[in-house]
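A.B. asks: Residue numbering for the sequence shown is 2 to 307, as defined by the numbering used here. Even glycine gets a Cβ: it sits at the ideal position worked out from N, Cα and C. Since we're looking at a predicted model, the values are computed, not measured.
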Amino acid sequence: MKTPKKRKLGAKIFYWAILALPLLQFAIFYIGVNVNSLLLSFKEYSAGEGFRWLAWDNLFANYKKFFVDLGNDIVLKYCLENSFVIWLFTVILITPICILFSYYLYKKRTLSNVFKVLLFMPTIIPGIVMVLVYKYFVDGGIPILLEKWFNLRVLGLLYKPDTALWMIVIFLCLTGFGTGMLLYTGAMSRIDNSLLESCQLDGANSWQELWHIILPSIYPTFTMQMVFGVATFFTSQAALYSFYGINAAPQNYTIGYWLFLMVAGDNGTYSQYPYASAAGIVFTLVAAPVTLLVKYLMERFGPSEG
């Protein structure tokens, strides 16, 4: 018969065995990777010696180069502008629409099941398949229809400088819609029915129910979506690699795509790793406090449930 001491020891061994793999993954793929990126930003690459430390008087050379490029490089200007536009549409503007559609589905209004299938389908279908379908429709289908109906000849909209970015924005909104609605409908389904019944007995209409009951109840999910959106401002590739590979036009670059090309594209070399690390550290120093501030403000001044 096991003594209480042995049982306690066995329980501790079991718990640590369960935690060992996640902790190891966290140590390697989060702490290790980020520490290595920080150290790499103070190094340079030599074909003969590999990565080596920069001289003390030139230790911040990669950061200096990045800030110079930030003010002078037109590609970085495109990256910042496009990342902001994509964030504005896919996070700020689409979220209220997503909540309204989720509420419509939650209330099981007319054709709600049809809309549920149509809007969730992009989430179920593999991303590369959605890219191919959308690409053929936008570059092939729409030009044919415009020529047939209006006698207008246009090139593929994904390759026209004045339409390419907006086609990407539309694609991201369509494919991200289902994910958002899945989260919001799930949050709404956990609302106590007694709250809704009391609201109806008080004579509240749908808008009042949405504003006073639904929104406060799903506010934690809404906060999570907003915080996550801010955190991904500097990392989103906006599906550019799926559409263009490494050949996207510079005027369509995002920050995430620009960083990806420096380290993983065909033109990426080891000599660019330190510079990319420095850029990533700068973006992190900007994104981290903004993300925490947004989280604090939304939790501090958001509505209370009930």
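1. Helix, strand or coil for Lys161, going by three-state DSSP, please let me know.
2. Which of the three DSSP states, helix, strand or coil, is assigned to Ser42?
3. Out of Glu45, Ile19, Pro304 and Lys296, which one is the CA nearest neighbour of Ile215?
4. Using CA atoms only, rank isn't needed, just tell me which of Gly72, Asp70, Ser207 and Leu71 is closest to Lys108.
5. On a CA-only basis, which of Lys6, Leu260, Val295 and Leu89 is nearest Gly281? Give me that one, please.
6. If you draw a straight line from the C-alpha of Asn73 to the C-alpha of Met182, how long is it?
7. Starting from the Cα of Leu41, find the closest Cα among Phe284, Ala277 and Val295 and give me that residue.
8. Answer with buried or exposed for Ser218, where buried requires no fewer than 16 other C-beta atoms within 10 angstroms of its C-beta.
9. Look at Pro162 and Gln238 and say whether their C-beta atoms are less than 8 Å apart.
10. Would you mind sorting Lys9 into buried or exposed? The rule is 16 or more other CB atoms within 10 Å of its CB.
11. When you compare only the Cα positions, how much space is there between Ile126 and Ser243?
12. Can you list, in chain order, the residues of its chain whose CB lies under 7 Å from that of Met299, leaving out five sequence neighbours each side?
13. Trp54 bridges to which residues according to DSSP?
14. Note down, in chain order, each residue of its chain lying with its Cβ closer than 8 Å to the Cβ of Ala232, except the 5 sequence neighbours on either side.
15. When you compare each of Ser272, Phe302 and Val283 to Trp54 by their alpha carbons, which one comes out closest?
16. Can you give the Cα-Cα distance for Tyr64 and Gly246, rounded to whole angstroms?
17. Mind reading off the beta-carbon distance from Val139 to Leu119? Whole number of angstroms is fine, and I expect it under 8 Å.
18. Could you give the C-beta distance for Tyr46 and Pro275, rounded to a whole number, given that I count them as a contact under 8 Å?
19. What number of angstroms, rounded off, separates the C-alpha of Gly307 from the C-alpha of Pro5?
20. Do Met189 and Tyr135 come within 8 Å of each other at the CB atom, strictly closer than that value?
21. Closest to Phe85 by C-alpha separation, out of Lys117, Asn152 and Val170, would be which residue?
22. DSSP three-state call for Pro123: helix, strand or coil?
23. Skipping 5 residues on each side, what residues in its chain have a beta carbon closer than 7 Å to that of Ala48?
24. If you scan the segment 158-237 from start to end, which runs of the alpha helix (DSSP H) of 4 or more residues do you find wholly inside it?
25. Beta carbon of Val132, beta carbon of Ala240: below 8 Å?
26. Could you please give the first and the last residue of the uninterrupted alpha helix (DSSP H) stretch that includes Asn83?
27. Which residue's Cα is closest to the Cα of Phe229: Leu294, Leu197 and Phe61?
28. Give the straight-line distance between the Cα atoms of Phe234 and Ile87, rounded to the nearest whole angstrom.
C.D. replies: Taking the definition as stated:
1. Numbered from 1 along the sequence shown, position 160 holds the residue referred to as residue 161. If DSSP states are grouped into helix, strand and coil, Lys161 belongs with coil.
2. Residue numbering aside, residue 42 sits at position 41 when the sequence shown is read from its first letter. Assignment of Ser42 by DSSP, reduced to helix, strand and coil, places it in the coil class.
3. For the purposes of this step, residue 215 is taken as the residue at position 214 of the sequence shown. Here the closest residue by C-alpha is Pro304.
4. Residue mapping note: residue 108 aligns to position 107 of the sequence shown, counting from 1. For the residues Gly72, Asp70, Ser207 and Leu71, the minimum Cα distance to Lys108 belongs to Ser207.
5. Mapped onto the sequence shown, residue 281 falls at position 280. Nearest C-alpha to Gly281: Leu260.
6. Your numbering for residue 73 matches position 72 in the sequence shown. Your numbering for residue 182 matches position 181 in the sequence shown. So the alpha carbons of these two residues sit roughly 41 Å apart.
7. Here residue 41 refers to the residue found at position 40 of the sequence shown. That would be Ala277, whose Cα lies nearest to the Cα of Leu41.
8. Numbered from 1 along the sequence shown, position 217 holds the residue referred to as residue 218. So Ser218 ends up on the buried side.
9. Your numbering for residue 162 matches position 161 in the sequence shown. Your numbering for residue 238 matches position 237 in the sequence shown. For Pro162 and Gln238, no; Cβs fall outside 8 Å.
10. Position 8 of the sequence shown, counting from 1, holds the residue named residue 9. Classification of Lys9: exposed, given that the 10 Å Cβ count is below 16.
11. The residue you call residue 126 lines up with position 125 of the sequence shown. The residue you call residue 243 lines up with position 242 of the sequence shown. The straight-line gap from Cα to Cα measures roughly 15 Å.
12. Counting from one through the sequence shown, the residue named residue 299 turns up at place 298. Once the five neighbours on either side are set aside, the close Cβ partners of Met299 are Thr224 and Met227.
13. What you label residue 54 is simply residue 53 of the sequence shown in a count that begins at 1. Answer is Lys44.
14. Looking up residue 232 in the sequence shown gives position 231. So the qualifying residues of the chain are Ala288 and Thr292.
15. Stepping through the sequence shown from its first residue, residue 54 is reached at position 53. Comparing Cα positions, the closest option is Ser272.
16. Working through the sequence shown from its first residue, we reach residue 64 at position 63. Working through the sequence shown from its first residue, we reach residue 246 at position 245. Straight-line Cα distance between these residues: approximately 28 Å.
17. Taking the sequence shown and counting its residues from 1, the one referred to as residue 139 is at position 138. Taking the sequence shown and counting its residues from 1, the one referred to as residue 119 is at position 118. Between Leu119 and Val139 the Cβ distance is about 18 Å, and since that is not below 8 Å, they are no contact.
18. Along the sequence shown, read from residue 1 onward, the residue named residue 46 stands at position 45. Along the sequence shown, read from residue 1 onward, the residue named residue 275 stands at position 274. With a Cβ gap of about 7 Å, Tyr46 and Pro275 count as contacting.
19. Translated into positions along the sequence shown, residue 307 becomes position 306. Translated into positions along the sequence shown, residue 5 becomes position 4. For Gly307, the predicted structure reports a pLDDT of 47, less than 50, and the residue's modelled location is therefore unreliable. A value from the coordinates is still provided. Their backbone Cα atoms lie some 46 Å apart in a straight line.
20. Reading the sequence shown from its first residue, position 134 is the one you call residue 135. Reading the sequence shown from its first residue, position 188 is the one you call residue 189. Not closer than 8 Å, so no.
21. What you label residue 85 is simply residue 84 of the sequence shown in a count that begins at 1. Checked all of Lys117, Asn152 and Val170; the closest Cα to Phe85 is Val170.
22. Numbered from 1 along the sequence shown, position 122 holds the residue referred to as residue 123. Helix.
23. Counting from 1 along the sequence shown, the entry for residue 48 is found at position 47. Excluding positions up to five away in sequence, the list is empty.
24. 165-190, 194-202, 207-210 and 216-232
25. For this step, residue 132 is matched to residue 131 along the sequence shown. For this step, residue 240 is matched to residue 239 along the sequence shown. In this structure, Val132 sits near Ala240, with a CB-CB distance shorter than 8 Å.
26. Mapped onto the sequence shown, residue 83 falls at position 82. Run containing Asn83: Ile75 to Trp88, per the alpha helix (DSSP H) assignment.
27. Taking the first residue of the sequence shown as position 1, residue 229 is located at position 228. The candidate whose alpha carbon is nearest that of Phe229 is Leu294.
28. In the sequence shown, counting from the first residue as 1, residue 234 sits at position 233. In the sequence shown, counting from the first residue as 1, residue 87 sits at position 86. Cα to Cα, the separation comes out at about 9 Å.
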